[in-house]
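Let me begin by presenting the structure, written as structure tokens, before commenting on it.
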Amino acid sequence: VCMPMELEFCQSEVPYNRTTFPNYLGQQNVTMIEESDIHANVSLLADTACHEYVKFLYCHMAVPECVKDGVRGQPLCRTVCEEVRQTCSMEIQEIGFEFTKSTCDGIFPDSVQKDTCKLIKEFDCSFDVDTCGWMAGNNSLAEVLQSRNDSELGMYLSLNGVSSKPTSPTMYTDDKCLKLDYWLRGDGSKLSVYVSGPGDSIFFTWRQSDDDYEDGMGWSSVRLNINKGWPWFKVSLDAYVADGGKVGVDDVTLSDGSCEGQVSPGCVEIEFERCLSMPYNFTTYPNLLGWEKDPALSIAPGSFQAFDPIADCHPDLQFFLCSVIFPECTPTGTRLPCRSFCEEVTAACTARANAIGLRWGPDACFTFPEADDPQGCVAPEAATPDCQPIPIERCQNMSYSETSFPNWLGWQGPADAVANATLVFGALDQISDCHKDLDLFLCSLYFPSCTLATGVKFPCRSFCDEINDACAVPAL
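For the sequence shown, position 333 matches number 333 in UniProt numbering, and the numbering has no gaps at all.
Next up, the structure:
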């Protein structure tokens, strides 16, 4: 039943005046709301001014709109909830109340469709009146909005002389389909689409140039999947406008789920000889390092040669370099190296790479997708492991009996592993009581479990953290 909204806290925060109970929080009346811990905590959160829509979001949960008896009004989209939650995460933690991702997931639909839920910042834009939520530097509307040839089609966003990349509002949900119309003029003019996310992650998604533009006289459209697994993303448009050329964009939309039909990522054949043996034939530019085609083909030989002195640090080092410098390009987008594969190569090679002056940061794998990512990722097929008996008596009472090399520390054979393990075990015997499984941990590092069925298994990160917490100080 619809009733007047009597919660004073929300009466000037939402554009409606009728609500219904129970609300999204399971509360039956205004008294229950006002006496609840969440109401007190949201009041404190609003006072911090961490986000302008704290009260707006909460009021949509506590006193949802009622349009007629038994029918609630349109909810907010989940991205709105996630924006407030992520922006205010520090304040939420300091206040000490539970506002987690599951809070947003359980109440608001994961959608950007106007007929499903309400957005605060519009991603979609026809550019007929303004640039919507897209930021386009300091250019005036008169400079960036121009009329299409057919007046019935309205205006479009001109990228000629734009001082910075037009960038979308931040979206806080994933698995979306980006669609836009574009127009290119001039030999060499180019339009690129980038997706950026946490940690300054920027990935090239698509490029079209006038050189390979099939419909040089009219407008074309492209659909691109955005599924990075990030908590948020933005889309940026970058244009290179040749002398006398023009580049324009129109009717940008974001919809739920993957794009239907063929997607156009601009794939080209791999030309670099050392990567011709990869299990794919097509790549795209710029690559994950931002290199265009000519620089990539020019820099790659020297880059690969620089790593040749440590080529034995991991059997798939060259595969990894190829997957970064010449990433796989498919009809549905660029496939990145799998995060677990990157972490494996990084753990084995970073120290030796840095020792010879090659920069290899420990956080290089953060932005790569997990192996179960819906879009997939690139990793070598697991080879049949060369399992052999554990060569040191101290580790022969483990729950497994065979190991393989190189081990987690990069040692290539049993002789090096036994010699180093003997020294380490001897040095740590004096603190062997710091954790009951210290021996198991050390054995699993130097002599990891190996079976034909499961391959080589290294210790879990949580186990490593547990040992480190218990034994690091005693070891010092």
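Note that beta-carbon positions come from the ideal geometry of N, C-alpha and C, so glycine has one too. All values derive from a computational prediction rather than experimental measurement.
{"query": "Would you be able to state if there are at least three C-beta pairs under 8 Å between the stretch 119-129 and the stretch 85-105?", "result": "no"}
{"query": "Using the beta-carbon count (16 or more within 10 Å), is T346 buried or exposed?", "result": "buried"}
{"query": "How many Å lie between R339 and E370 at the Cα?", "result": "5 Å"}
{"query": "Need the endpoints of the alpha helix (DSSP H) that L257 sits in, please.", "result": "Residue 257 is actually Gly in this sequence, not Leu. Careful: G257 lies outside any alpha helix (DSSP H) and carries neither H nor E."}
{"query": "Counting pairs of beta carbons, one from the stretch 347-358 and one from the stretch 384-399, are three or more of them closer than 8 Å?", "result": "no"}
{"query": "Out of I202, M278, K246 and F319, state which residue places its alpha-carbon closest to the alpha-carbon of N287.", "result": "I202"}
{"query": "Taking 8 Å as the limit between beta carbons, can you name the residues of its chain near C387, skipping five residues before and five after?", "result": "E402, T403, S404, C450, T451 and L452"}
{"query": "Should G188 and A239 be called a contact, given that it needs their Cβ atoms to be closer than 8 Å?", "result": "no"}
{"query": "In three-state terms, what does DSSP make of R359?", "result": "coil"}
{"query": "Three-state secondary structure (DSSP) at M5?", "result": "coil"}
{"query": "Buried or exposed, going by whether 16 or more other CB atoms sit within 10 Å of the CB of F366?", "result": "exposed"}
{"query": "Straight-line CA distance for G464 to T334?", "result": "It should be noted that the sequence gives Cys, not Gly, for residue 464. Taking the straight line joining both Cα atoms gives about 33 Å."}
{"query": "Please state whether DSSP places R394 in a helix, a strand or coil.", "result": "helix"}
{"query": "Excluding sequence positions up to five away, which residues of its chain have a Cβ less than 7 Å from the Cβ of D130?", "result": "L141"}
{"query": "Hey, would you say T19 sits closer than 8 Å to C66, going by beta carbons?", "result": "yes"}
{"query": "In the DSSP assignment, what residue or residues form a beta bridge with W206?", "result": "V193"}
{"query": "Would you kindly work out how many angstroms separate the C-alpha atoms of T79 and D115, rounded to a whole number?", "result": "15 Å"}
{"query": "Can you grab the Cα-Cα spacing for the pair L7 / S221, in whole Å?", "result": "48 Å"}
{"query": "Give every residue of the same chain whose Cβ lies closer than 8 Å to the Cβ of A311, excluding the five residues on either side of it in the sequence, and list them in chain order.", "result": "L317 and Q318"}
{"query": "Within a Cβ cutoff of 8 Å, which residues of the same chain sit near G229, ignoring the five residues on either side of it in sequence?", "result": "D174, P369, E370 and D373"}
{"query": "Here's the rule: buried if 16 or more other CB atoms are within 10 angstroms of the residue's CB, otherwise exposed. What is I226?", "result": "buried"}
{"query": "Can you look up R223 in the DSSP assignment and give me helix, strand or coil?", "result": "strand"}
{"query": "Quick check on DSSP: helix, strand or coil for A239?", "result": "strand"}
{"query": "Using DSSP with H/G/I as helix, E/B as strand and the rest coil, what is D47?", "result": "helix"}
{"query": "Is the beta carbon of C471 sitting closer than 8 Å to the one on C434?", "result": "yes"}
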